[in-house]
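Asks: Just so you know, the protein sequences line up as chains D and L, in that order.
Read left to right, the first sequence gives residues 1 to 336 (the numbering used here).
Read left to right, the second sequence gives residues 337 to 672 (the numbering used here).
Even for Gly, the Cβ is constructed at its ideal location relative to N, Cα and C.
Encoded as structure tokens, here's the structure I'll be asking about.
There are 2 protein chains.
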Amino acid sequence: MAVSIKDIARAAQVSYSTVSRALNDSPLVKAETKERIRQVAAEMGYLPSAVARSLVMRRTQTIGVVVSTITDLFFAEVIHAIEETALRCRYNVILTNSGGDPQRELAAIRALCERRVDGMILVSGCSRRKDLCAEHKLDIPMVIINNVHQEHLGYSIEVDNIGGGRQATLHLLELGHRRIAHIAGPSREWDSVERQQGYEQALQAYGLEPDPMLITRGNSRPRGGIEAMERLLALPVRPTAIFCYNDATAIGAMRAAYAAGLRIPQDLSVVGFDDIDLAPYLEPPLTTVAQPKREMGARAVEMVLALLSGDQQVEDCVLPSRLVIRGSTMPPRIIV
Amino acid sequence: MAVSIKDIARAAQVSYSTVSRALNDSPLVKAETKERIRQVAAEMGYLPSAVARSLVMRRTQTIGVVVSTITDLFFAEVIHAIEETALRCRYNVILTNSGGDPQRELAAIRALCERRVDGMILVSGCSRRKDLCAEHKLDIPMVIINNVHQEHLGYSIEVDNIGGGRQATLHLLELGHRRIAHIAGPSREWDSVERQQGYEQALQAYGLEPDPMLITRGNSRPRGGIEAMERLLALPVRPTAIFCYNDATAIGAMRAAYAAGLRIPQDLSVVGFDDIDLAPYLEPPLTTVAQPKREMGARAVEMVLALLSGDQQVEDCVLPSRLVIRGSTMPPRIIV
DNA sequence: CCTGTGCTTACAAACGTTTGCAAAACTATT
DNA sequence: AATAGTTTTGCAAACGTTTGTAAGCACAGG
């Protein structure tokens, strides 16, 4: 079917090893021969077989990526960055989604191992260390972005979640808010725990004790944000501001607030986390803590590549987060 | 490094072909032997090499997907569907993005061919037929979702763009709007042309002649929507409603409208296209024409698989679009 | 005791590359 | 003209599988 190196050899009257060398621009073959072979190859529409090459080279030039879902813009943007920088390094990306299920995640990792990817990147990997290790006999470099568990399980890239949560909350405090609610993410996600810690630290820095009534939980998606917000709105004394686990949650929270007839930010200030590309276009433009998505993706593949080249210097990195103030926050109407 | 079938053969004292058969549950090997071999394999942590298998089977169990960008929620959702149904059929997905550049798209296709993917799916493929064909010597099934060009170049899946544009516009007309603007997508995208046709047909059905002043163009992203909207707002007589090429554009348009102090839908009705998952959570919830994203993705892989199994019955399909009415549309204040 | 018949197992080729090493073809030197 | 040296080419093994075919073995029938 596909034309192989042997077909070219036959057509060009040389051995197929020569063809291989010619196409790889080896200095071992005479310039004219090289040229002739190349021409024949081009005429015949030759496309080398990456699978055969992978077999002998024991390199697939492939990075496996597993992510819970690609339909969250934050993940989509990180994956975009991964794909872009992988491409630049002549790697392709196999994408698998786990739906946030550790079982499926493990299955995905297994499949990637069978495919002999050169390295793997888990975005919000959700499996426990011990499970991961089992699969890890073929030592394939694996880096994890925003590890869900606290445990360190290999090379990881994190954002400064505590600092981000603190900044967000401090911003609200500085505006004069005192009843500041928090809609956390799923309790098993470590970054949610950290962001909440930052929130609590900020409150304490202002001499406020975190109020359990003001802390509720979403599912990291708009739906969860709506439900959480409805709970908060049902409180005898409503919060004047909210810090949300992520932008998707914030979007849900805002929706619920609007549905209840509130205005944002006049009646309620909202801060998100992630700074998805859509954040500036929301109504109102969302104040949020930016994660350096491009950099996270880029770093992850660089890390994999470094690991691949046997670099021992590779170290976990935690990148700074940055508060981006837009239109969803303002001082409370009545200064408490 | 990785344990191979030969290592197992040695450990289990059989030939490696027997190991292969045992692990593939061939009836040719005795039950006891099979069991013993499996045990050894499990103990040794054997993971079959998909690349070796691919080489001999001439099947990679891989589908290549090329998309302009994954950071548009519409694409992300389609790709999610593709990945899910591919997984269900035991296929993996190699994702590549072209950034909407035909050059890069071609390069991506080439790379996928080298990897010997079993089939390819282009989401909004942007290359011209003749360019594509060149690459197409190894006849790899290729299906295109929302082809950018009008030309038919292989199996394709489309949504009823004209009908969708018509429905959207009709909805606005029925509400009483008469000055209805349209923000189109990039002129080279065929679906934009069609949606605009639908828009014009609807107007004509109401005896209105499309007004060139009211038709402008975005870039299919929020930024373009903003700019287009600003142009429309500068018009001596503003439109009372807008039909946008897609939801991202609509989001931008709404942003610009808000920035100009307008209220939506009281001062301006807005309709989008795509029905991204976020649409119901926007402020106001966006009225939009839904594309059956899940089905489009699923159909695409089913089509590839059918083609792969030599099915001759495979036919292009155009799926229906469906208007979803939410909060961004209402009758105009002053009936014209 | 020999032969045919099933059931198991082993051998070997093939998939399409890369690459070490030997062989061949030149070139230059004596 | 022979030799050494250099460049160019070919041979063959290897990568880890699958699979067609041959071989081995036990057992039954003649």
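1. Taking 8 Å as the cut-off, does the CB of LYS370/L come closer than this to any heavy atom belonging to the ligand MN?
2. Between ILE399/L and VAL640/L, which are expected to be in contact by the criterion C-beta below 8 Å, what is the C-beta distance as a whole number of angstroms?
3. Provide the residue(s) that pair with VAL479/L in DSSP beta bridges, ordered along the chain.
4. At the level of alpha carbons, what is the spacing between VAL453/L and ALA86/D?
5. Which chain L residues are close to ILE145/D, counting only those with a beta carbon under 8 Å from its beta carbon?
6. Along chain D, which residues have their Cβ under 9 Å away from the Cβ of LEU391/L?
7. Please state whether the Cβ-Cβ distance between LEU319/D and THR407/L is less than 9 Å.
8. Does VAL672/L come within less than 9 Å of chain D when only Cβ atoms are used?
9. Just the chain L side, please: which residues come within less than 8 Å of CYS113/D by C-beta, in chain order?
10. Please go through the segment 558 to 596 of chain L and give each complete beta strand (DSSP E) segment of 3 or more residues, from N-terminal end onward.
11. Against chain L, with Cβ distances strictly below 9 Å, would GLU84/D count as a contact?
12. Are VAL78/D and GLY164/D touching if we call contact CB-CB under 9 Å?
13. If we ignore side chains and look at the alpha-carbon of each, how far apart do VAL336/D and ASP274/D end up?
14. Would you check if the distance between the CB atom of MET337/L and the CB atom of ARG58/D is smaller than 9 Å?
15. Taking C-beta pairs closer than 9 Å, name the residues in chain L that TYR281/D reaches, listed in chain order.
16. At the 9 Å Cβ level, is HIS80/D part of the contact set with chain L, yes or no?
17. Please determine, among TYR581/L, THR585/L, GLU420/L, the residue with the shortest C-alpha to C-alpha distance to GLY633/L.
18. Using a cut-off of 7 Å between C-beta atoms, extract the partners of ARG452/L located in chain D.
19. Which residue wins for smallest C-alpha separation from ILE481/L, given the options THR665/L, GLN540/L, GLU631/L, LEU622/L?
20. Are there three or more Cβ pairs, one per stretch, closer than 8 Å when the segment 205 to 218 of chain D is compared with the segment 228 to 247 of chain D?
21. Per the contact definition of three or more C-beta pairs closer than 8 Å, is the segment 594 to 610 of chain L in contact with the segment 540 to 551 of chain L?
22. Compare the C-beta of TYR258/D against all C-beta atoms of chain L and say whether one is closer than 9 Å.
23. When the Cα of VAL143/D is compared with those of ASP247/D, GLU174/D, ARG299/D, which residue comes out closest?
24. Taking the DSSP output, what are the residues bridged to ALA290/D?
25. DSSP state of GLY198/D, grouped into three classes?
26. On the DSSP letters alone, give me the boundaries of the alpha helix (DSSP H) that LEU431/L sits inside.
27. Within 9 Å of any Cβ in chain L, is that where the Cβ of MET296/D sits?
28. Using a Cβ-Cβ distance cut-off of 9 Å, determine whether MET666/L contacts chain D.
29. What are the start and end residues of each continuous beta strand (DSSP E) run of 3 or more residues lying completely inside the segment 342 to 413 of chain L, in chain order?
30. Quick check: the Cα distance between VAL402/L and VAL429/L, rounded to an integer number of angstroms?
31. Helix, strand or coil, according to DSSP, for HIS518/L in the structure here?
32. I want to verify the contact list: residues of chain D whose CB lies under 9 Å from the CB of LEU614/L, in sequence order.
33. Looking at chain D, is there any beta carbon in it that lies within less than 9 Å of the beta carbon of ARG374/L?
34. Assign ILE264/D to one of three DSSP states: helix, strand, or coil.
35. Report yes if the C-beta distance between LYS628/L and SER657/L is below 9 Å; otherwise report no.
36. Is there contact here, the segment 188 to 204 of chain D with the segment 231 to 239 of chain D, by at least three beta-carbon pairs under 8 Å?
Replies: On the basis of the data shown:
1. This structure does not include the ligand MN; it has no bound ligands of any sort.
2. 6 Å
3. ILE457/L, TYR491/L
4. 18 Å
5. Ordered by position in chain L, no residue passes the 8 Å Cβ test against ILE145/D, which lies about 16 Å from the chain.
6. SER49, VAL51, ALA52, SER54, LEU55
7. no
8. Only weak support exists for where VAL672/L lies, its pLDDT of 47 falling under 50; the value from the coordinates is given anyway. No, no contact with chain D.
9. LEU383
10. 577 to 580
11. yes
12. no
13. Note that VAL336/D scores a pLDDT of 47, beneath 50, so its modelled location is shaky; the value from the coordinates is reported in the next line. Those two C-alpha atoms are separated by around 29 Å.
14. yes
15. PRO558, ARG559, GLY561, ILE562, ALA584, ILE587, GLY588, MET590, ARG591
16. yes
17. GLU420/L
18. SER49, ALA50, VAL51
19. GLU631/L
20. yes
21. no
22. yes
23. ARG299/D
24. ASP274/D, ARG322/D
25. helix
26. Unbroken run through LEU431/L is the beta strand (DSSP E), 428 to 433; no alpha helix (DSSP H).
27. no
28. no
29. 398 to 403
30. 10 Å
31. strand
32. LEU73, PRO222, ALA248, ILE251, LEU278
33. no
34. coil
35. The residue you asked about is not Lys; residue 628/L is Pro in the sequence shown. Yes, the Cβ-Cβ distance between PRO628/L and SER657/L is below 9 Å.
36. no
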